[in-house]
Structure formats: structure tokens, C-alpha cells
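Protein chains in written order, with the numbering used here: chain A, 3 to 380; chain B, 434 to 889; chain C, 5 to 116. Just so you know, even glycine gets a beta-carbon here, dropped at the ideal spot from N, CA and C. Right, one structure below, let's go through it.
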Amino acid sequence: MTQIHQSDVAIIGGGLMGCSAAFFLRQRGMSVTVLETDKVGRQASGTNFGNVRRQGRPIFQLPLANRAIRIWRDSPQLLGSDVEYLQSGHIRVCFRERPENIGKMEEYAALAREEGLDLELLSANALREKFPWLGPDVLAGSYSATDGHANPRLAAPAFARAAARLGASIVEDTKIVHAEKVGEDFRLTAEDGRQFAAPILLITAGAWAGKIAGWFGEEIPLTPRAPTMSVTEPVPYAIAPAVGVMTPEEVETVYFRQVARGNIVLGGSTRAASYPDDYRSYVLPQNTMTQFEHLRRLAPALANLQVIRVWSGIEGYTDDALPIMGPSAKVSGLFHAFGFSGSGFQIGPGVGETMAELIATGATDIPLEHYAVTRFTK
Amino acid sequence: MGEHRVIIVGAGPAGVRAAQAVVRAGLRPIVIDEAARAGGQIYRRPPENFKRDHDALYGTEAARARAIHEDFAALLPHIDYRPETLVWNVAEGHVWAAHEGETQPLPYDALIVCSGASDRVAPIKGWQAAGCYSLGGAQIALKAQGCAIGHRVIFLGSGPLLYLAAAQYVKAGAEVAAVLDTSPFWLRVKAAPKLAAMPGLLWQGVKLLRDLKRAGVPVLTGVTPIEIEGDPQTGVSGVTVRHKGAVKHFAGDAVAMGWHVKPEAQIADLARATFAFDEATRQWLPQTDADGRAGNALYLGGDGARVLGARSAEVTGELAAMAALADLGLTMDADRRRWLLAEKANYAKFAKGLAQAFPWPHELVAAIPDEAIVCRCEAVTAATLRASVNTAHAQEANRAKAFSRVGMGRCQGRYCGHASAEIIAAARSVSLEKTGRLRGQAPVKPIPVALKRNDL
Amino acid sequence: MTARFRRLVETDRPPVSLTIDGVGVTALLGDTLMVAMLTHGDALRTSEFAGSEPAAPEPSDGRRAGFCLMGACQDCWVWTASGARLRACSTPVQNGMTISTRQPEATWANIA
Ligand SMILES: Cc1cc2nc3c(=O)[nH]c(=O)nc-3n(C[C@H](O)[C@@H](O)[C@H](O)COP(=O)(O)OP(=O)(O)OC[C@H]3O[C@@H](n4cnc5c(N)ncnc54)[C@H](O)[C@@H]3O)c2cc1C
Ligand SMILES: Cc1cc2nc3c(=O)[nH]c(=O)nc-3n(C[C@H](O)[C@H](O)[C@H](O)COP(=O)(O)OP(=O)(O)OC[C@H]3O[C@@H](n4cnc5c(N)ncnc54)[C@H](O)[C@@H]3O)c2cc1C
Ligand code: FES
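Dropping the structure here:
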């Protein structure tokens, strides 16, 4: 007889969402099993840019983002390991030929202030005084002193290790190929036949989650994308904030940050397709080239630097590019947290804590109506 | 003419023979090479204003070097030759080549990669010091620039190039402090039947040893390196090894170190070749059929596919080109192919003998002290790498890289990849194969943010 | 500073002048930048992580002078006056080059 591994909560997907949810569920005393095809935190959560920024998010996301920022700040004590979180600021700028963005920045800043996020609007001159490496094409900017960045390669595995120390079972190299509700329990089957059961199931399977939700009649189409990333040789540490461009044109959306060791991580410009079924994503060289082109406008001083590596990752976009979080509308005991569409890293720990709260207590202070799955299943 | 678009990367012996075969079939290939002058590694040419002739430069291989150089010169009117051009990526049937700060995608129907090899090095405590060079590097200094890498040079490693380079140094008037070989002599005796596949080369090896001994250079076999001594500011000051139970020290201001060479397989990787673990040489190698087909219109020749040496590179370069031509529907000479395949088999036998006689010292690598630097680019120690396995539970090479940064630097793991895999395998007590393979990532070599497309 | 490399043959070539860290030196036409520099000094650059490795009981990283001479290891990058990078082992020396062995971005936070 095959033994069925039983716990209070089963989680499909060991990215930042699944690992942090497991950690906070253990803090609340629930037994939890994380099931992960590969190794924890190796997909979107391990390959992303590492922006821990609140500014620029939809206003409705700020309560969740604020919750997350507290966790990022406490992460060394909470996790017992350093995930290289630096609260070194975030600056969002617009280019000269898009002056209409200044008004948008002002509008956003006013709304963000009400949610507790203070943004400082800076003119071109003030900007360049503060950040002399910005280029002449930069017109204005919005500075958030309390945002920053962290190391994605370390974050989700650190949550997984901390969860495991509290007693969670983290089951790697285990792809769930089938799940159904049998009586009170969800019954999960791995590719090799192992079985797992729990009365509560949380789906945090990133770009793969839409199909898994489909096993329960809530299939969500997700468009798999592959953002373009690069990293430069190390140079003396001089650029504190993460920097990004506000623009409606995908090709212009470049961003960068410098890690304390000196390398500058570059991201943005056109994204490629990615292939979740094959667990593959590729950087297209033409996208690397447009990334460099727009980066040279943003910060001409970077032009001399050498790029030593490029990479990408797999992320799933919902049709409105906003995430799904909360209980299933169809199956009791089933919860969703996926579709983070290119901006889930910062809010990740907040998602984990909120889902744990919701699962353990049946309620949360974070308003969840904007995240409802029903906006797609109706 | 020119309907089929063939791109050849590399103008070493393999690339030159491949180009010749393609031209013979009536096509005009693009030949891309990063070097300023064709010839590749072994037949590397000094700048034009240098005066040594082929005999002085290439010794016993002078005739072959001359043939490669002259044959390539004759090909020039029939090929689109792009020297000083770096292939930095391959995607969607295009090679991305960069030259003088500009780049463009070049479409191909067949891509023949003859990218050659680079030194396989074992990290030795202290090897980050200025004055430590790869064995190949030491040879290039002499061949292409007429220089020695120091005033008193210690040769450390194993393999035929160790003796060849040391002997070339002696002959050119450099001071060689010692030749320190990690392989015990009896392995060479044991491998003799396989080495006899190339009697000429075997004899050359015997002569080199004799020349070194005559010049009074201490030659020690079966050594265990302990440390390369040096100062962070002024560089190398000597090498300490254990030999026959005793600790021996050799003073010197330069070290040439290398354990044979390994394929430069980054382009093949980006062009999506599959890799398989080779137990005999303890490394992952791109998979091809006997002719060099790697799938996806990719063909591999020379030491970039599997290290079989310079003579074999001429054979496998031509074979790869013939396979590409056949797949493009052009006829090929079946007799010639049979002959080339037989030649290749003979070189492969010899290469097996070399691997047996001069093995990669994997036990030594696995046991390097915690404080030794494994990754020179990022200055990561064995302790940090081992901690990523023991504390952070990294179970394979890419994960250990993500946690410890080993292999994340400018060289992209070229010089630490093999060693770090051994250290991870030992820390986990699993086979080397289980530690996986560091996936290749573009760019093949660093590219500047200033790089611009010039085709739009 | 002592020379690291030693010229053995092919020394009969026309001279080329360049400046390294503000000091004028003479090399030979056909030299790589690496040879031009290391026949006058003992290093090309400093490891970015000199002494930064926390887990190392005795960090001893420091000056670097290249490793492979064939454009593979990337340990020989030096800087021009304008901040451009040159890979010393594969760049021919040219008359009038002005080379620095220190990374220019050390001051970039202050340059407008
Ligand atoms: C320093 C050194 C010394 C050696 N000495 C010997 C010896 O004495 N005897 C022996 O049998 N073997 C020797 N070898 C092994 C050696 O590689 C030869 O067997 C032979 O050079 C292999 O020929 P090849 O054509 O496969 O590659 P190579 O001769 O190495 O030619 C490869 C060419 O590809 C080019 N290339 C590589 N990557 C790129 C890229 N991304 N973009 C553009 N161009 C690229 C290189 O610039 C090079 O010109 C030596 C190797 C080295 C590194
Ligand atoms: C290149 C890139 C750059 C980005 N930059 C940023 C940024 O700067 N800031 C930001 O906030 N966000 C960014 N994002 C987005 C962010 O990374 C994601 O939104 C976030 O990591 C999503 O986390 P996740 O846990 O939902 O997904 P993932 O990390 O992808 O985790 C999902 C996990 O589920 C597993 N899984 C799937 N199917 C199964 C199954 N059947 N059985 C078991 N396990 C399964 C997968 O293996 C995977 O590990 C970026 C994303 C990418 C790819
Ligand atoms: S010395 Fe290795 S790249 Fe120049």
C-alpha cells in the first residue's frame, strides 16, 4: 500500500508565495506540506529582478505591499538568514518626450500618500543633483525612500528553510500531476505516484497555476512571458536606489539596481515568450539590444560597463495583468495565490502572510475584492 | 552559388579544414574568428611584424602550421572572413556577432562551430596571485609575444602540454625552476599501449623529457600541490608540494598551471546542443554523431566538441563540414568520409591514453583546503561553496552557483566549473554526474552596454 | 615596481609610447597591451573582491595580472582615460594610449 502523506494544508508550488505561506502557516500552528516540481524558489521567484518597490503598484495593492515591506525589513531576524534586502530607495523617472507622465506621477503620489507611501517628486535638476548618473533625456522623477531591493536567488529558499525549521515539510522534485477533492480531503498525486492529502489546498504554482485551478473548474488562461535580464561586471558601489522608467511603451521600460558587491542588474525592455511545460525561458538577443539602447538613455554612464550574463524566467500573466488571491468560488477549502504577472516579488511575503491568515482564521484585514478569481470565471 | 548559408565559427585547424570543404562544394561560407589572424590556438600567429619563422614557432608541427596558414590564405577570395569578431549569442537560427562595438544577427542554414579549447585548471591554494597563468597562457606569451611569464617559472599540472611548454621555455632561454606533474609516472607506462596509436607523438614526449633533464630542470612526477605562495600586492613567490612523503619548496615569480584542455562549448550550448557526462574525463560534453552532427543545424568540429588534439581537429572539422553539406543535400565523397572516420578513431584512442596517463586530479580538487579560492572572478573560497551545500542544501552545480556565486563572474565558470563540481560532489558524497552541469548563458564573453545593432 | 614578464626574443621592433597610471612607458610595436604593461609593472588591475570574502580565514586576494592570455578568463581588463574597457591580452598596444589599472567608476557618483 502506498502511504498517503497527510497535513492540514497542502501547497502546490514552492516559489516565494508557497514558501512564505508555509512559513506563516507554521507560525500559526498548522501542519503544512509544500510540493515543488523542481527545487524551491528556482522559477520566477529565483530569477526575477529583485525590485522590492511599492511605488507604481495599483493603489489597491498598497495595503498588501505595506504588509510585505514590514516582513522584508524583519527578514534577517524572522528567517535567520540574510536575503540581501537593502532599503535604499526606488526612483521612477519619465523621459523628455512624455511630459504627460509628470501629471500622472503627481496624481499617483497623492493617492499613495493616503495609503502611507510617501513619494517625493523631483524636477530634472533636482534629480540630477541627487542622482548625477541619470541622462539628459530624463525629465522628472518620483522618489520613494523606503523601497529597495533584495536577492531573489536567496529569498524563497530562505523562507523554505525557515518554514522547515518550524516543522513544515518541503517536498522538492515532486511534480503534482493530479488533484481532486475526495470527501473532506484534497487528494494530490505526484508524477511518480506518491500521494498527499489535506483538507485545505493552496495553489501557488506561478505560471503553471491556471491549469491546476482548471482541475477544479476554475481554469485561468495565463500568458507565459520571459522578461529580459542582464548583469554587469562589478563596479564600485555608488548607486543606492533601484531605478526604473515610467512609460506606456514596453520597449522603453528599462530598470536597474546595483547590488552591494558592485554588479548592476539590468532588466526590462521587450519580453519574450516562455515555455512553462518545458520549464524553459530564453533571452532573445534582439531584446538585450533594445534593453541596452534604452538603458543608455536612462543612465549614459553605464554604457562603458560590460555585461557578463543574461537570463530570464517564467512568469504567467492574467488577462488584466493583476493577481488572483483568495478562496475558490467553486470548491470549499481551495485557495488561490497566483498570476502575479511580473510584479510579485515585493508583495510575495505579504501574500504568504495574508494567505496564512485567511486560511487559519477565515478572514484578513487586507481587502481582497480586487484579487477575486470570479473576475475571470464569470 | 551561395544559396545555402553556412557559418563557421573559429579559424583554427578545424575551422580552416571545414571552410575548405564548404568552399570545395561551391558555397561561400562566413568564417568568424575572434582572433586578428587565423590559425587558432596551436598554430596561433604572432603579429605581422614578428620575424621568427614557422620552424622556430611551431617546431615539429611547423609543416602542419604552414599548411593551415597557406591553405587559409588561399581560401580568402572564396569566403566571407570576419576576424576580430566575437560570437556572443546564438538564437532562432541566427548567430550574433560583434565587431568594433557593433553587432548584427547572421542567419544560417548550417552552423559549424570549431571554437577550440581552453585550459582545464585545478584550483590550488594561492592561484589567484598575480603571476599565476594557465599553461596555455604561458605558451601564448612565448609563441605570440616572445616573452616569458616571469623570470623564474614553475610549471605545475599534468599532460603533454606541461612538458612541451616547459621545454619551449628552456629552449628560448627562460629560467624554469621546476616541472611538477601531479600524475605518477607509472600511469604513463600503463597507458603506453594506447599512446602507441600515435608513435610519433609518443616519441616527441620522450624527447621533451630528455631535453628538460639535460637542461638540469627538476622534473617531479606524482606531486601533491600544497600551496602557491605569494603576496596580494606583489604576486607569486613560490610553490610548495609534497613529493614522495617530503615537503618541497620551489622559489619562483611565476606559475604556469594546467591539466590538459577542455572544450569551449558555450556556443554549442547556446545553439542547444545536448550534453552528456563523460566518465573517462569527468566532464559534460556536447553530444554529436560520429560526423559531428549536434542537431538543430548545428555541427561541431575540433577540440570544441571533444579534445582530441590539433591533428584530429583538421579531421573532425572537415567531417563536420561534410555532414553539414550532406544535410543541405550536396553530395559528399563517401571514401573520404570513411578515411576521416578511421583517422578520428585513431586519435580518439590516443586521447584515451593521454587521459589515462595524465588524469585530471579530481581527488586533489575535492580536498582543497577551505581557505583556497575556487572562483577567481568572484573570489569565492571552497568554504563558501561547501557551505552552500552543507548549510543551504544546494544539491547541484547551478544551485550552488546561485547561492555561493561560484561561476557567476566574468569567465562564466570556464575556470572554476569543473573544480566546483568536484567539490560539490565530494561535499554531498555523490557521483560527479549527479551534481549536474552549469548551464551556459549568453554572452559567450562580456559585451559592453554600449554595443549597438548596425543592421536596422 | 618590477617587470613581471621577461622578453626573450623578437626585441628588435619599433618603440611605442603609452601612459600607464600617469607614467610614460615605452613598449614595442606588436606588443599586446598586456605585454606592454607587464614588461614595466607587475599587475594590470585589482580584484574587486580583494579581502572581501567573509568565509575565508585568510583573505589574500589583491592585484591581478591576467591568467589565460587567450581572451577566455577575463582577468586582464584595464581602463582607458575615458572609462572604456580594454582586454589587455587581446588588444594590440597603440602609440599614445592612456591606461589606468584602477576602475574609474570609483568616482562616478559625483560626476554630472
Ligand atoms: C594554448 C594552447 C596550446 C595548445 N597546444 C597544443 C599542442 O601543442 N598540441 C595539440 O595537439 N594541441 C594543443 N592544444 C589543443 C588545441 O586546442 C589544438 O588541439 C587545436 O588548436 C584545436 O584546434 P581547433 O580548430 O579545434 O581550435 P582552435 O585552434 O582553438 O581554434 C578555435 C578558434 O575559434 C575562435 N573562437 C572561439 N570562440 C569564439 C567566439 N565565441 N567567437 C569567435 N571566435 C571564436 C578562437 O578565436 C580560435 O581562433 C593547445 C590548446 C591551447 C589552448
Ligand atoms: C525575469 C523576471 C523578472 C521579474 N522582476 C520582478 C521584480 O523586479 N519585482 C517584482 O515584484 N516581481 C518581479 N517578477 C515577478 C515575480 O518574480 C513573480 O511574480 C513571483 O516570483 C511569483 O512567485 P510565485 O511563487 O507565484 O511563482 P514561482 O516562483 O514561479 O513559483 C511557482 C512554483 O510552482 C511550481 N510548480 C508549478 N507547477 C507545479 C506542479 N504541478 N507541482 C508542483 N510544483 C509546481 C514551479 O516549479 C515553481 O517553482 C519578475 C519575474 C521574472 C520571471
Ligand atoms: S588574460 Fe584571460 S582574458 Fe586576458
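- According to DSSP, residue 711(B) shares a beta bridge with 716(B).
- Between residue 28(A) and residue 165(A), the CB-CB gap stays under 8 Å.
- The stretch 283-292 of chain A and the stretch 527-538 of chain B touch, with no fewer than 3 CB-CB distances between them shorter than 8 Å.
- Annotation: residue 135(A) to residue 739(B) spans about 46 Å, alpha carbon to alpha carbon.
- Within chain A, no residue has its beta carbon less than 8 Å from that of residue 698(B); the closest one is some 16 Å off.
- Taking 8 Å as the CB threshold, residue 556(B) stays off the interface with chain C.
- DSSP places residue 145(A) within a strand segment (E or B) once states are collapsed to three.
- Within 7 Å of the C-beta of residue 94(C) there is at least one heavy atom belonging to ligand 3.
- Just so you know, the alpha carbons of residue 62(A) and residue 372(A) end up roughly 7 Å apart.
- Within the stretch 299-310 of chain A, those residues whose Cβ lies closer than 7 Å to any Cβ of chain C are, in chain order, 303, 306 and 308.
- Nearest CB-CB separation between residue 702(B) and chain C: not below the 8 Å threshold.
- Among the residues of chain A, those whose CB is under 7 Å from the CB of residue 874(B) are 311, 312 and 313, following chain order.
- Look at the stretch 197-248 of chain A and you find these whole runs of beta strand (DSSP E), each 3 residues long or longer: 197-200, 202-205, 225-228, 231-236 and 244-247.
- Sequence-distant Cβ neighbours of residue 34(C) in its own chain, meaning closer than 6 Å and more than five residues away, are 17.
- At least one heavy atom of ligand 3 is found less than 7 Å from the C-beta of residue 72(C).
- Under the Cβ distance rule, residue 89(C) counts among the residues neighbouring chain A, one pair being separated by less than 8 Å.
- At a C-beta separation below 7 Å, residue 844(B) has these neighbours in chain C: 76, 77 and 78.
- By the beta-carbon neighbour count (other beta carbons within 10 angstroms, threshold 16), residue 666(B) is exposed.
- For residue 45(A), no beta strand (DSSP E) segment is defined, and its DSSP state is neither H nor E.
- In this structure, the straight-line span from the alpha carbon of residue 32(C) to that of residue 456(B) is close to 38 Å.
- Fully contained in the stretch 490-562 of chain B are the following alpha helix (DSSP H) runs of length 4 or more, in chain order: 495-508.
- Among the residues facing chain A, residue 792(B) is not included, as its CB has no counterpart in that chain under 8 Å away.
- Of the candidates 503(B), 835(B) and 560(B), 835(B) places its Cα closest to the Cα of residue 158(A).
- Scanning the stretch 809-882 of chain B for uninterrupted alpha helix (DSSP H) segments of 4 residues or longer gives 815-823, 830-837 and 850-861, listed from N- to C-terminal end.
- Sequence-distant Cβ neighbours of residue 573(B) in its own chain, meaning closer than 7 Å and more than five residues away, are 477.
- About 12 Å separates the CB atoms of residue 610(B) and residue 582(B); that is not less than 8 Å, and the two are not in contact.
- Nearest to residue 189(A) by alpha-carbon distance, out of 70(A), 25(A) and 336(A), is 336(A).
- Scanning chain C for C-beta atoms nearer than 9 Å to the C-beta of residue 831(B) yields nothing, as the closest lies near 20 Å away.
- In the three-state reduction of the DSSP assignment, residue 375(A) falls in the coil class, being assigned neither a helical nor a strand state.
- Under the DSSP assignment, residue 574(B) falls outside any beta strand (DSSP E), being part of the alpha helix (DSSP H) whose first and last residues are 568-578.
- Contact of residue 719(B) with chain C by beta-carbon distance below 7 Å is absent, the smallest such distance being about 17 Å.
- The residue among 535(B), 857(B) and 787(B) with its C-alpha nearest the C-alpha of residue 888(B) is 535(B).
- For the pair of segments examined, the stretch 693-708 of chain B was found to touch the stretch 731-751 of chain B: the number of CB pairs separated by less than 8 Å reaches three.
- With a threshold of 7 Å, the Cβ atom of residue 60(A) does not count as near ligand 2, since no heavy atom of the ligand is closer than that.
- Residue 467(B) has its CB nearer than 7 Å to a heavy atom of ligand 1.
- At a cut-off of 8 Å between beta-carbon atoms, residue 535(B) makes no contact with chain C.
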